[in-house]
Amino acid sequence: MATQHSRSAARLMMGPAVVLLLGWMLVPLLMTLYFSFKSYLPLRGGDLGWIGFDNYVRFVTSSAFWPSVSATLIIVGGVLLITVVLGVLLAILLDQPMWGQGIVRILVIAPFFVMPTVSALVWKNMFMDPVNGLFAHLWKFFGAQPVEWLSDASLFSIVLIVSWQWLPFATLILLTAIQSLDSEQLEAAEMDGAPPPKRFVFIILPHLGRAITIVVLIQTIFLLSIFAEIFVTTGGAFGSRTLTYLIFQRVLESQNVGLGSAGGVYAIILANIVALFLMRIVGKNLDA
Amino acid sequence: MGQIKLEKVTKSFGDVEVIPPLDLTIGEGEFTVFVGPSGCGKSTLLRLIAGLEDISSGQITIDGQDATNVPPAKRRLAMVFQSYALYPHMSVRKNIAFPLRMAKLDQAEQDKRVEQAASVLNLTDYLDRRPGQLSGGQRQRVAIGRAIVREPAAFLFDEPLSNLDAALRVGMRLEISELHKRLATTMIYVTHDQVEAMTMADKIVVLRAGHIEQVGSPLELYRTPRNLFVAGFIGSPKMNHIDGAEAAKHSAKTIGVRPEHIDVVDGEGVWQGTVGVAEHLGSDTFFHIHGTGIAETLTVRATGEVDFRHGDRIGLVPRADQIHRFDDQGLRMP
Ligand SMILES: Nc1ncnc2c1ncn2[C@@H]1O[C@H](COP(=O)(O)OP(=O)(O)OP(=O)(O)O)[C@@H](O)[C@H]1O
Ligand SMILES: [Mg+2]
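If you read the protein sequences in the order shown, they are chains A and B. Numbering (the numbering used here) for the first sequence: 28 to 315. Numbering (the numbering used here) for the second sequence: 58 to 391.
Here is the structure:
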């Protein structure tokens with residue numbers, strides 16, 4: 028890319044991709060903004076004209092708004108916590124030489140290949156069903172009253188299901204990170220008198236810092252918008268309504284596109300706030 | 058303190074016996090160098106002593122106490138790795154203090170020892186940097202610093218200078234030698250480098266395929282190599298080996314003459330040959346001589362600038378008292 032000529036050629040070549048990407052992102056964003064300032068009710072009169080910030084005011088003042096924000100944050104936080112902690116432990120386990128390593132690794136990755144809808148249904152019907160679920164049998168076996176997972180502990184159940192899905196991702200990234208740790212560092216620490224727990228805290232964990240950051244950032248992006256798991260399990264009932272789900276309900280169930288669009292803009296703001304906090308907390312790990 | 062004794066030590070990886078039964082005593086305060094060709098088991102031996110690998114059988118004694126099953130941290134040995142193995146996310150200060158912190162020394166004592174080590178190793182200005190911000194030589198010094206603060210019974214070095222450039226190597230070589238003189242602690246040092254082995258060692262251990270071929274002071278090994286392998290391994294350039302009729306004249310299977318023990322003369326010598334490559338180093342000149350009729354190539358080292366060129370026909374005179382004789386097992390004959 029040294030000469031003027033090759034630089035302009037490069038720009039020309041990249042042009043289509045840039046235009047496509049811009050359109051891809053800008054068009055939906057602009058449409059969302061456009062609708063959010065309108066009263067647009069497809070089945071009840073269609074486009075009823077500009078109404079300023081009414082949709083925005085209505086969306087935040089609705090009694091469902093703050094609970095949905097907190098449900099979103101609880102799910103994101105809970106899943107991050109579980110996947111990172113278990114992911115680190117699993118990665119360490121999988122890094123140990125053991126019999127059948129290849130098979131075990133594939134098994135660990137498997138949940139990631141299951142579609143969210145399917146895995147949520149499997150969990151709902153096979154594990155968490157209060158009558159026929161495995162958990163119900165287990166509880167009964169110990170003489171306890173089966174838990175109505177999806178209604179009594181709906182948020183926890185969803186966190187569990189989503190964690191199960193995302194654990195392989197975390198494990199995989201953390202495993203490659205662990206494998207890149209220079210074994211001489213561990214040996215040096217061993218000779219320096221650090222027992223295994225201290226080697227974990229002082230050598231392995233700092234080494235994993237960057238990988239954990241990546242896991243947290245990528246998962247957050249996806250977790251902020253989980254939908255299928257809620258749709259097929261609780262349908263947003265029992266306090267498991269996230270911001271995404273609330274927007275879905277406003278747009279499709281109440282057929283209020285304008286209100287939903289305003290919610291979409293709030294979702295963007297929330298995502299940015301979360302991103303800001305995350306970068307504050309873990310972003311420094313990305314600097315070499 | 059710091060006597061290390063190996064008795065009948067063996068090590069196998071699966072079915073492969075890397076170290077056959079081996080006995081070795083490393084005396085207190087000695088600077089011992091392990092040399093040998095690549096893959097002969099030098100690192101393995103060092104790791105066995107350190108306790109990073111379990112021995113398959115035999116016994117290791119440190120200062121008279123059985124250390125065979127003692128974990129590495131309890132053997133009071135410090136190791137300096139080839140890759141330095143510094144902790145990248147800790148400052149130099151924290152790196153050096155790490156063993157002290159693990160030993161739960163109080164903070165004042167930790168600081169004192171770190172400052173001390175840093176001043177010995179000229180690291181005082183770098184204490185707050187990360188290892189990634191240091192040069193190779195400085196990293197090496199941090200690794201050594203981390204080893205000395207523990208005041209170990211012995212230091213183990215695995216090719217510590219092999220990642221450094223030639224000039225730095227010479228400097229670090231002197232620093233390590235000086236450190237040894239000052240601390241008078243036992244040191245075991247693995248190297249590929251002839252010069253390091255010859256200049257630093259009190260005692261050289263020559264290994265081949267896990268066997269000890271010979272143990273002795275550098276000059277002992279140079280003057281009286283026990284067999285052909287040691288003769289070829291110690292000394293640079295390598296000793297010339299001559300078989301056949303010429304050796305028979307000395308009633309030996311093979312004779313060996315070091316390059317520096319052959320004089321070149323203009324005209325008639327004991328042997329004649331044609332100069333192949335001549336390497337003029339200024340202080341020395343190395344000639345590779347062909348067509349002598351007694352060996353494929355003979356290497357000759359002449360002191361100073363000797364002006365023979367490629368293709369010159371010259372005479373060679375070996376010094377009679379510097380001819381090593383070996384029998385048909387390759388062992389030295391008296
Ligand atoms: N973990 C292991 N598993 C199996 N074989 C091993 C292992 N470690 C070393 N070996 C073998 O043991 C032999 C000695 O290895 P070692 O690393 O001690 O050689 P070295 O003398 O240090 O060589 P170099 O000079 O190249 O460092 C080699 O043949 C090597 O292949
Ligand atoms: Mg080695």
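Heads up, the beta-carbon is just placed ideally off N, CA and C, and yes, glycines get one too.
Asked	Found
Is it buried or exposed for W176 of chain A, if we count other Cβ within 10 angstroms and need 16 for buried?	buried
Can you tell me the Cβ-Cβ gap for G313 of chain B and I371 of chain B, rounded? I've got them flagged as a contact below 8 angstroms.	Not confirmed; about 21 angstroms, so no contact.
Just how far apart, CA to CA, sit A302 of chain A and V96 of chain A?	15 angstroms
Going along the stretch 206 to 219 of chain A in order, which residues come within less than 8 angstroms of chain B, judged by CB to CB distance?	D209, E211, Q212, E214, A215, A216, E217, M218 and D219
Hey, quick one: how far does the alpha helix (DSSP H) through R198 of chain B stretch, first residue to last?	G193 to I205
For R376 of chain B, count neighbouring C-beta atoms within 10 Å of its own C-beta (all shown protein chains included) and say buried if the count is 16 or more, exposed if not.	exposed
Which full runs of the alpha helix (DSSP H) of 4+ residues lie inside the stretch 229 to 289 of chain B, going along the chain?	251 to 257 and 275 to 280
Which one or two residues does DSSP pair with M136 of chain B in a beta bridge?	B:L213
Select from B:I261, B:A241 and B:F383 the residue whose C-alpha is nearest the C-alpha of K306 of chain B.	B:F383
How big is the Cα-Cα spacing for R239 of chain B and L178 of chain B?	12 angstroms
May I ask you to list, following chain order, the residues of the stretch 203 to 218 of chain B that have a beta carbon less than 8 angstroms from some beta carbon of chain A?	R203 and R207
State yes or no: is the beta carbon of P78 of chain B nearer than 7 angstroms to at least one beta carbon in chain A?	no
If contact means a Cβ-Cβ distance below 7 angstroms, which residues of the stretch 232 to 257 of chain A contact chain B?	P233
Tell me the residue span of the beta strand (DSSP E) that contains I371 of chain B.	R370 to P375
Tell me which same chain residues have a C-beta within less than 8 angstroms of the C-beta of A142 of chain B, skipping the five on either side of it?	A200
Name the chain A residues that come within less than 8 angstroms of M136 of chain B, Cβ to Cβ?	E214, A215 and M218
Check whether chain A comes within 7 angstroms of S69 of chain B, counting only Cβ atoms and requiring the distance to be less than that.	no
With a cut-off of 5 angstroms, give the chain-ordered residues whose Cβ is closer than this to any heavy atom of ligand 1.	B:F70, B:V75, B:S95, B:G96, B:C97, B:G98, B:K99, B:S100 and B:T101
Please report whether the beta-carbon of A254 of chain B lies at a distance below 7 angstroms from any beta-carbon of chain A.	no
Return the first residue and the last residue of the beta strand (DSSP E) that S114 of chain B is part of.	S114 to I119
When you compare only the Cα positions, how much space is there between Y183 of chain B and T240 of chain A?	29 angstroms
Looking at the structure shown, is Q386 of chain B part of a helix, part of a strand, or coil, going by DSSP?	coil
Determine, using beta carbons only, whether S140 of chain B comes closer than 7 angstroms to chain A.	yes
Taking its Cβ as the centre, do 16 or more other Cβ atoms sit within 10 Å of A171 of chain A, making it buried, or is it exposed?	exposed
Under 7 angstroms Cβ-Cβ, which residues of chain B neighbour K225 of chain A?	M159
Per the contact definition of three or more C-beta pairs closer than 8 angstroms, is the stretch 155 to 173 of chain B in contact with the stretch 197 to 212 of chain B?	yes
Could you spell out the range, first to last residue, of the alpha helix (DSSP H) harbouring F395 of chain B?	As displayed, chain B neither begins before 58 nor continues past 391, which places residue 395 of chain B out of reach and without an answer.
Looking at S181 of chain A: is its Cβ nearer than 7 angstroms to the Cβ of S252 of chain A?	no
Do the stretch 128 to 136 of chain B and the stretch 272 to 285 of chain B make contact, defined as three or more Cβ pairs closer than 8 angstroms?	no
Distance, Cα to Cα, T67 of chain B vs D80 of chain B?	10 angstroms
Just checking: is the beta-carbon of A204 of chain A within a distance shorter than 7 angstroms of some beta-carbon in chain B?	no
Give the DSSP-derived three-state secondary structure of K65 of chain B in the structure shown.	strand
Considering just the uninterrupted stretch of the alpha helix (DSSP H) at S176 of chain B, what are its terminal residues?	Q164 to V177
Considering only C-alpha positions, which residue in the set B:Q116, B:S113 and B:P188 is nearest to H146 of chain B?	B:P188
Check each candidate in B:I61, B:S274, B:I245 and B:E270 and name the one with the smallest Cα separation from M255 of chain B.	B:S274
Near G339 of chain B, which residues of its chain fall below 7 angstroms by C-beta distance, leaving aside the five closest residues on each side in sequence?	E362
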